[in-house]
Amino acid sequence: MAAPANIDDFIFQLNETKPTNIDKSTLYMCFRERMHDKSVVLVILAISLSDLLNHTEGEEGKSPCQVAYRELKRECDVLGCGVCDSQIFFVGGVGGDKMYYFDPEQPNPKMGTIRRGPQSSKIEPFVLEMNNDQRLYVLSRVPTTGSNFEVLKNPFIMEWVALPEPPYDRIGPYFCPTTDGSNIFLLGQNPHAYICHYSFSRNKWKTYSGPRSLPFTVGPPALIIQDQHSHHRILFTYEFSSRGGPDTPLFIGAYLMSPDDDANPILCLLSTLEFRRGVPSEFCGSHYQLVHCADRHIFLILYSYSPRIPDHQLSHHTDYMKICVIHLEYEFHPTRNLTNSRFLLSRRGAPHILKYSYDHGLPKKEHVCMIGAFVLLSISGDTEETGEDGFAHGDTQETQG
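See the structure below:
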């Protein structure tokens with residue numbers, strides 16, 4: 004494939020051919036870090052699935068490596084991230100006029116910049132691709148002035164087009180967004196809240212009453228899997244009690260979605276799995292990601308950040324990020340009466356505990372947030388060179404859209 008004429012062509016060019024030396028799938032975890040000086044840093048940590056899953060039970064797993072890093076201005080403190088055309092995009096923020104991307108399929112990938120983002124600010128947006136159309140959709144989770152829902156219709160001239168926005172007054176802010184690849188669903192966080200459904204074919208939103216079976220508050224984000232064996236859609240949610248204490252049960256809920264796009268999206272509750280048992284208490288908060296690994300396998304990723312823990316073996320303090328990956332698997336046997344279908348959700352093995360140390364001497368962090376996690380294909384053996392501070396600093400590529 005000929006080299007693109009400019010960086011926009013490089014980013015959004017149709018992937019007519021894929022690299023032939025892809026070795027394995029990799030879990031990418033994207034973090035947004037706010038320093039005490041109010042600056043913002045984007046960090047992508049990665050670990051191959053083989054390294055993640057193949058270690059002795061009870062032992063600390065191999066540490067993830069840092070594959071990308073970028074310092075941003077403070078207005079980007081509320082940006083979001085998502086995958087489009089197998090690349091990770093960081094979009095949004097108050098006055099966020101730029102986008103950032105990371106392409107794991109490129110040799111020695113680096114985090115690059117595109118100088119023309121959405122027309123309007125987006126607060127902690129839901130960033131996604133729909134129907135494999137290689138278009139970037141960005142939906143603000145908090146209403147702002149201007150367009151709250153946009154699509155990058157023509158990436159070659161960076162043309163953003165406004166789309167109908169959801170009924171924020173009914174769904175409420177900080178809703179739980181998810182997609183099945185063809186539709187967007189927004190779940191209110193409170194029990195019995197509304198559900199909003201956006202149909203791309205009809206280009207409009209519909210609102211439904213929430214399912215009465217939701218036992219607790221639903222935390223964002225949720226995950227929809229199109230089951231390849233039964234061709235039914237299954238919704239997975241992280242559920243907790245906002246009024247509970249440290250011993251309050253935490254659940255993964257599994258819901259069967261209606262095959263009728265004109266009906267209430269959630270048909271029935273299939274199962275709940277309480278997962279607090281065996282998980283260190285430091286991870287039992289509301290900070291998490293649900294990731295579809297493969298087929299009927301799911302990762303629940305929890306994390307904990309411990310700032311400035313003294314290390315007497317070093318001449319300075321070290322910040323630690325600890326990550327807990329819980330491997331889940333489900334079985335689904337639908338019956339003619341779908342509400343009586345047999346469903347089993349279970350944990351596979353003990354939680355995988357990963358540790359990443361920030362020993363590079365940067366300013367103390369005020370807040371660390373995982374804003375996305377994705378399983379993608381990547382080229383094996385290519386990593387960025389690290390500077391003296393321990394960070395990967397490759398040259399970034401910028402363009403004027």
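With my numbering as the guide, the letters of the sequence shown map in order to residues 4 to 404. By construction, the Cβ of each residue, glycine as well, lies at the ideal position given by its N, Cα and C atoms. Bear in mind the structure is a predicted one, so any value in this text is a computation, not a measurement.
- prompt: Grouping DSSP H, G and I as helix and E and B as strand, with all else coil, what is Val-70?
  reply: In the structure shown, Val-70 sits in a strand (DSSP, three-state: E or B).
query: In three-state DSSP terms, what is Leu-273?
result: Here DSSP, grouped into helix, strand and coil, assigns Leu-273 to strand.
query: In this structure, does DSSP put Thr-342 in helix, strand or coil?
result: Three-state result, Thr-342: helix.
message: Just to confirm, is the Cβ distance from Leu-142 to Phe-152 under 8 Å?
response: Yes; because the gap between Cβ atoms is below 8 Å, this pair is in contact.
field: Three-state class that DSSP yields for Arg-279 in the structure shown
entry: Arg-279 sits in coil when the DSSP states are folded into three classes, being neither helix nor strand.
- request: Please state whether DSSP places Leu-253 in a helix, a strand or coil.
  value: If DSSP states are grouped into helix, strand and coil, Leu-253 belongs with coil.
Among Pro-121, Ile-50, Pro-337, the one whose alpha carbon lies nearest that of Ala-165: The shortest C-alpha separation from Ala-165 is found at Pro-121.
- request: Less than 8 Å between the CB atoms is what I'm expecting for Asp-3 and Phe-335, so what's the real figure, rounded?
  value: The chain is shown from 4 up to 404; residue 3 falls before or after that span and cannot be answered.
- request: Please go through the same chain and pick out, in chain order, the residues whose beta-carbon is closer than 6 Å to the beta-carbon of Cys-33, but skip the five residues on each side of it.
  value: Ile-47, Cys-84, Ile-374, Gly-375.
message: Just list the residues that DSSP pairs Ile-237 with in beta bridges.
response: Its beta-bridge partners are Ile-228, Leu-259.
field: Beta-carbon gap between Ile-173 and Tyr-201 smaller than 8 Å
entry: Checking the sequence shown, residue 173 turns out to be Arg, not Ile. In this structure, Tyr-201 does not lie closer than 8 Å to Arg-173 by Cβ.
- prompt: CA-CA distance, Val-378 and Gly-184?
  reply: Taking the straight line from one Cα to the other gives about 16 Å.
- request: Compare the Cα-Cα distances from Asn-186 to each of Trp-208, Pro-67, Leu-272, Arg-118 and report the closest residue.
  value: With distances taken between Cα atoms, Asn-186 lies closest to Trp-208.
field: Segment limits, beta strand (DSSP E) that includes Arg-173
entry: Element bounds for Arg-173: not the beta strand (DSSP E) but the alpha helix (DSSP H), 171 to 174.
- prompt: Under three-state DSSP, which class holds Leu-317?
  reply: For Leu-317, the predicted model reports a pLDDT of 46, less than 50, meaning its position is unreliable and no value from the coordinates is stated.
message: Using a Cβ distance threshold of 8 Å, determine whether the region 293 to 301 contacts the region 267 to 285, with at least three qualifying pairs required.
response: Contact between the region 293 to 301 and the region 267 to 285 is absent, because fewer than three Cβ pairs lie under 8 Å.
message: So, for Cys-442: in the same chain, excluding its five sequence neighbours on each side, which residues have a beta-carbon less than 6 Å away from its beta-carbon?
response: Lying before the first or after the last residue shown, residue 442 is absent from the chain, which here runs from 4 to 404.
field: Helix, strand or coil at Leu-166 [DSSP, three-state]
entry: Reduced to three states, the DSSP call for Leu-166 is coil.
message: Excluding the 5 residues flanking Gln-137 on each side, which residues of the same chain have their C-beta closer than 6 Å to its C-beta?
response: Sequence-distant Cβ neighbours of Gln-137 in its own chain, meaning closer than 6 Å and more than five residues away, are Asp-88.
Where the beta strand (DSSP E) through Ser-212 begins and ends: Under the DSSP assignment, Ser-212 falls in the beta strand (DSSP E) whose first and last residues are 207 to 212.
message: Ignoring anything shorter than 3 residues, give me the beta strand (DSSP E) runs that lie fully in the region 92 to 158, in order along the chain.
response: The qualifying runs are 102 to 105, 114 to 117, 129 to 131, 139 to 142, 152 to 157.
- prompt: Whose C-beta lies closer than 6 Å to the C-beta of Ile-442 among residues of the same chain, with five residues either side of it excluded?
  reply: Outside the displayed range of the chain (4 to 404) lies residue 442, so it cannot be described from this structure.
task: Please classify Phe-286: does DSSP put it in a helix, a strand, or coil?
output: If DSSP states are grouped into helix, strand and coil, Phe-286 belongs with the helices.
field: Per-residue DSSP class, three states only, for Ser-53
entry: If DSSP states are grouped into helix, strand and coil, Ser-53 belongs with the helices.
query: Can you round the beta-carbon distance between Glu-127 and Val-145 to whole angstroms, since I take them to be within the 8 Å contact cut?
result: Contact check for Glu-127 and Val-145: beta-carbon distance about 7 Å, within the 8 Å limit, so the pair qualifies.
query: By a C-beta neighbour count over all protein chains shown, 10 Å radius and 16 as the cutoff for buried, is His-370 buried or exposed?
result: Exposed, since its Cβ has fewer than 16 Cβ neighbours within 10 Å.
message: Less than 8 Å between the C-beta atoms of Glu-332 and Ser-307, yes or no?
response: Ser-307 sits away from Glu-332, with the two beta carbons spaced by 8 Å or more.
- prompt: Shortest alpha-carbon distance to Ser-360 belongs to which of Lys-65, Ser-42, Phe-203?
  reply: Of Lys-65, Ser-42, Phe-203, the residue nearest in Cα terms is Lys-65.
Spatially closest choice to Ser-3 from Ala-49, Lys-41, His-39, Leu-45, by CA coordinates: Nothing about residue 3 can be reported from this structure: the residues present for the chain run from 4 to 404 only.
task: Find out if the Cβ-Cβ distance for the pair His-355, Leu-55 is shorter than 8 Å.
output: The answer is yes: Cβ separation under 8 Å.
Boundaries (first-last residue) of the beta strand (DSSP E) holding His-31: This sequence places Tyr at residue 31; His is not what is there. Annotation: the continuous beta strand (DSSP E) that includes Tyr-31 extends over 25 to 38.
message: Please state whether the Cβ-Cβ distance between Leu-357 and Ile-329 is less than 8 Å.
response: Taking 8 Å as the Cβ cut-off, Leu-357 and Ile-329 do not qualify as a contacting pair.
query: What are the partner residues of Ile-47, as DSSP defines its beta bridges?
result: BP columns for Ile-47 point to Cys-33, Ala-71.
field: Alpha carbon of Gly-72 to alpha carbon of Met-161, nearest angstrom
entry: Per the sequence shown, the amino acid found at residue 72 is Tyr instead of Gly. Distance between the alpha carbons of Tyr-72 and Met-161 is about 24 Å.
- request: Please list, in chain order, all residues of the same chain as Gly-175 whose beta carbon is under 6 Å from its beta carbon, the five residues on each side excluded.
  value: For Gly-175, the CB contacts under 6 Å within the same chain, skipping 5 residues up- and downstream, are Gly-191 in chain order.
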